[in-house]
Amino acid sequence: MPDTAVPGSRRTGKRRQTIIKMKTLIGVVLPAVIAASTAAHSATLHRLEPIARVEMGDSTHAALSASGIVAMLDVRRTTRCNVPVVWADADTSPASPCSMAFLTLRQPENARSRPASFPLTPYGTEDDGMAQLRMSFRHLDATSPRPQVMVSAYTGGAHCCSLTSIFDLSPDGRWQHLELGSTDGDGEPDVVDIAGNGQQEILTSDQSFLYAFASHAGSEAPVVISRYHDGVLENVTRDPAYRGYLAKDLSDRRHSWIRSGRFEPNGFLAYEVATMANLGRFPEGWRDMLAHAQSTKESGFGLSACDLKPPAEKQNGHECSVKEKELLPFPQALSIFLMRSGYVTPEQVAAVTASHEQASITPPTPPVLGTSENPKPPSSAAAQPPETDHSPSASILPAKPSALFTVLGGLGLVLYLVPVVIAYRRNTIHQRRTAMVTVLLGWTVIGWIAALIMALNEPTRRR
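Right, here's the structure in full:
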């Protein structure tokens, strides 16, 4: 009897030790997982819900009212099809008669305010292309006691576009409107409170970057943060209160770009340099761009001197020459593009160009973006934009992952397969089941812990 009791007591003791180890492991792993999820949740930017919202759908009439403001959307047939419309980007010359979308605004309690009717756009037919008309009430102006009316519609087409306008009652009782222009997607722009101070910001992106230096899929558009006040939209992207958000956006997009294999690098790098300029770190962004840029000839996308000319210079018969229509080297085109868009000044461009003359002596350091990659320094040939495009040198090709990533990846794989190794070393009776749980569910953490429990506790085969 004593001989048979000892093995049983040993097994019981081992199981107790295993349970203690698992409790300790769970006590370490689960808090880390919860902390990581909490941090990710706190970093998530939440959209602010409107006071009221309505979508036209398949109907021809929709209405909203709030705080004494009444707004109505109507789609009706009319013979007055060539009148000025709010969204001039849409087709404004449809055949008569046509279907036209109208917005009517009233403030019944204010005797000084007169009703106003705005023809928005030809709407609802296949030729016009406009659809998904929607309207919302929002408190965009922190100084106004009244809400503002935001109206948008979808233009249709690939990678395109929503047209949006803000309608507001001015202090003198007149209805005014402000066009936000077209934005990618099929909905109104995001309205957020980035700083958490109760001020609503309109979050859009700079659409001029799309297709400029890469395909649509390879293009990245810089964030544009705006505040609305009394008919004016102010660009506040460079306000210090938003630098944390811009830096986080840049870090997230950079990680995604790296994971994609640095797909179409010039599309991302144009966005990066513009964002670094908004953060007051233009020289760092420029150096990193030179270290990773792709030649225009290889990328197949870019801008010419003709593209970068002001529209007035190309009018009155002044056509661009064949030489002006040739694509410029990426750094040169980007510098002109950023100056024209207001991201940098000529003095800033001159400063980085002058500083790069010593690039072959003092390798530049890449911007700190929350990643451990170490891009190669640019060569002296890449420091100054050449007159003609050449094949990319080794210094401006996308950098290879460092040895550190390889080591960390190997360690992560070993850790991931620990339950499998333990199961096979112990020669458990359900080795394959443990392996399947590890491989298929180990990424969920809970699945990995379950597989580890199985590996440590299942009976072993007799040898």
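Note that the numbering used here has the sequence shown beginning at 22, numbered continuously upward.
Beta carbons are placed, not taken as given, at the ideal position from N, Cα and C, and that holds for glycine.
Would you kindly report the start and end of the unbroken beta strand (DSSP E) that includes residue i?
| i | result |
| --- | --- |
| Gly202 | 196-204 |
| Ser277 | It is not in any beta strand (DSSP E) - Ser277 instead sits in the alpha helix (DSSP H) that spans 264-280. |
| Tyr19 | Residue 19 lies beyond the stretch modelled for the chain, which goes from 22 to 484, so this question has no answer here. |
| Ala84 | 82-87 |
| Val213 | 211-213 |
| Leu184 | 183-190 |
What is the DSSP secondary structure of residue i, reduced to helix, strand or coil?
| i | result |
| --- | --- |
| Pro384 | Note on Pro384: pLDDT 43, under 50, position unreliable in the model; the coordinate value appears next. Coil at Pro384, not helix or strand. |
| Leu473 | helix |
| Trp464 | helix |
| Thr258 | coil |
| Ala233 | coil |
| Gln153 | strand |
| Met77 | coil |
| Thr481 | strand |
| Val54 | The predicted model places Val54 with a pLDDT of 41, which falls under 50 and marks its position as unreliable, so this point remains unresolved. |
| Ala137 | strand |
| Ala122 | strand |
| Ser320 | helix |
| Leu69 | coil |
| Ala174 | strand |
| Val106 | coil |
| Thr455 | helix |
| Ala403 | Annotation note: pLDDT 32 at Ala403 (below 50); position unreliable, coordinate value reported separately. Helix at Ala403. |
| Val49 | Any reading at Val49 is ruled out, since the residue's pLDDT is 42, under 50, leaving its predicted position unreliable. |
| Pro367 | helix |
| Val343 | coil |
| Leu161 | coil |
| Arg283 | coil |
Which stretch, first to last residue, makes up the alpha helix (DSSP H) that contains residue i?
| i | result |
| --- | --- |
| Phe303 | 303-313 |
| Ala444 | 439-447 |
| Arg361 | 351-362 |
| Leu290 | 286-299 |
Thinking just about the alpha-carbon of each residue, which of the options is nearest to the one in residue i?
| i | options | result |
| --- | --- | --- |
| Leu290 | Asp95, Gly89, Arg308 | Arg308 |
| Met555 | Tyr232, Gly301, Val441 | One cannot answer for residue 555 here, as it falls past the ends of the chain, which runs 22 to 484. |
| Met475 | Trp464, Phe158, Thr459 | Thr459 |
| Ile450 | Gly468, Ala471, Ile467, Arg482 | Arg482 |
| Met151 | Leu184, Asn218, His276 | Leu184 |
| His250 | Leu462, Ser138, Asp273, Pro192 | Pro192 |
| Pro168 | Val245, Gly431, Asp189 | Asp189 |
| Arg74 | His160, Tyr266, Pro480, Leu355 | His160 |
| Ile187 | Ala137, Met171, Arg195 | Met171 |
| Gly177 | Glu200, Thr465, Gln197, Gln153 | Gln153 |
| Gly288 | Ile90, Pro243, Leu348, Leu267 | Pro243 |
| Asp328 | Gln353, Ser277, Met310 | Gln353 |
| Lys346 | Phe322, Leu271, Arg361 | Phe322 |
| Leu182 | Thr427, Thr225, Asp162 | At residue 182 the sequence reads Cys, which differs from the Leu that was named. Answer by Cα proximity: Thr225. |
What are the residues that DSSP puts in a beta bridge with residue i?
| i | result |
| --- | --- |
| Asp328 | Answer by DSSP bridge pairing: none, since Asp328 is not bridged. |
| Val96 | Ala122 |
| Ser226 | Val244 |
| Arg127 | Val91 |
| Val373 | DSSP output for Val373 lists no bridge partner at all. |
| Thr142 | Ala122 |
| Gln169 | Arg159 |
| Val435 | DSSP, once it has assigned bridges, lists no residue as partnering Val435. |
| Leu348 | Ser325 |
The ligand NAD and residue i: does any heavy atom of the ligand fall closer than 7 Å to the residue's C-beta?
| i | result |
| --- | --- |
| Arg446 | Annotation note on the ligand NAD: not contained in the displayed structure, which lists no ligands. |
Please confirm whether residue i has its beta-carbon closer than 8 Å to some beta-carbon of chain D.
| i | result |
| --- | --- |
| Asp211 | Going by chain labels, chain D is absent from the structure shown, which holds only one protein chain. |
(message) I want to know whether the segment 251-258 touches the segment 317-325 - three or more CB-CB distances under 8 Å.
(response) no
(request) For the segment 211-221 and the segment 295-307, state whether three or more C-beta atom pairs, one from each stretch, are separated by less than 8 Å. (result) no
(request) Could you say if the segment 236-254 and the segment 68-87 meet the contact criterion of at least three C-beta pairs nearer than 8 Å? (result) no
(message) Check whether the segment 125-138 and the segment 200-211 are in contact - that is, three or more C-beta pairs closer than 8 Å.
(response) no
(message) Quick check: the segment 116-126 against the segment 139-146, are at least 3 beta-carbon pairs closer than 8 Å?
(response) yes
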